[in-house]
Every structure is written in C-alpha cells, then in structure tokens.
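> Structure in structure tokens, see below.
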Amino acid sequence: MLRKSHYKRKSYRKKNKDIFPLSFTIIVLMIIAVLNEFIQRDRLSSLKDIKKSYLQELEESRVELQSLDKEFEILFQQNKILIANAFYSDRKKWSTVTIKRSNWEIKN
265 MLRKSHYKRK
275 SYRKKNKDIF
285 PLSFTIIVLM
295 IIAVLNEFIQ
305 RDRLSSLKDI
315 KKSYLQELEE
325 SRVELQSLDK
335 EFEILFQQNK
345 ILIANAFYSD
355 RKKWSTVTIK
365 RSNWEIKN
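In the working numbering, the protein residues as written are 265 to 372.
Pasting the structure below:
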C-alpha cells in the first residue's frame, strides 16, 4: 500500500514537471501579447499627436497663404496700370485693367 501511494506521488510530480515548460511558455506568450498591446497603443497615440501637429501646421500655412493672396490682390489693384504698361507699350493707352478669370478686360 505504501508503495502504491509513493508511486502515485512520484508520477504526479513527473506530470507536473512535464507541464511546467508548456505553462511557462504560455505565460511568456501572454506577457509578450500584453506588452505588444501597450507598444501599439503608444504608437497610435504618438501617430495621433503627429497628425494633430501636421494639421495645425497645414492650417497655419493655409492662413498665411490666404493673407499673401489678399496682399497680392491689393498690390495688384494698386499697380495694375504699371503692370499693364510693363507688358504692353504706352501707345496702347491703358487706363485701367481688371482681371476676369483668365481673360483681361480693357477699359479705355
């Protein structure tokens, strides 16, 4: 009887020793999966921050471009006769020039 009991304990320990590498591998894989999830979240948050900064820079560039466009329009309206005389001779007697899309309208 004692022998049988001792044998059962021995075989149980042996089974536990066989299960240990498998359970250790499973635990390691679970830890790797959790760490990978944290890394992916960190990457996503950093990409979102980069996207926000690029969108902000784009909006600032758009505002700057609009202000430059308005400034150009004002300068063009102030100097349109000089611009027309630079492209054409004074013999044509340009009084005013206005832009309509791609065509130039001439007023004498």
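For each residue, glycine too, the CB sits at the ideal point set by N, CA and C. Quantities reported herein were computed from a predicted structural model and do not represent experimental measurements.
#1: Compute the Euclidean distance between the alpha carbons of residue 344 and residue 330, then round it to the nearest angstrom.
#2: Three-state secondary structure (DSSP) at residue 349?
#3: Pick out the complete beta strand (DSSP E) segments inside the stretch 321-345, 3 residues or longer, and give them in chain order.
#4: Which value, in whole angstroms, describes the spacing of the CA atoms of residue 301 and residue 333?
Concretely, from the data shown:
#1: 20 Å
#2: helix
#3: none
#4: 47 Å
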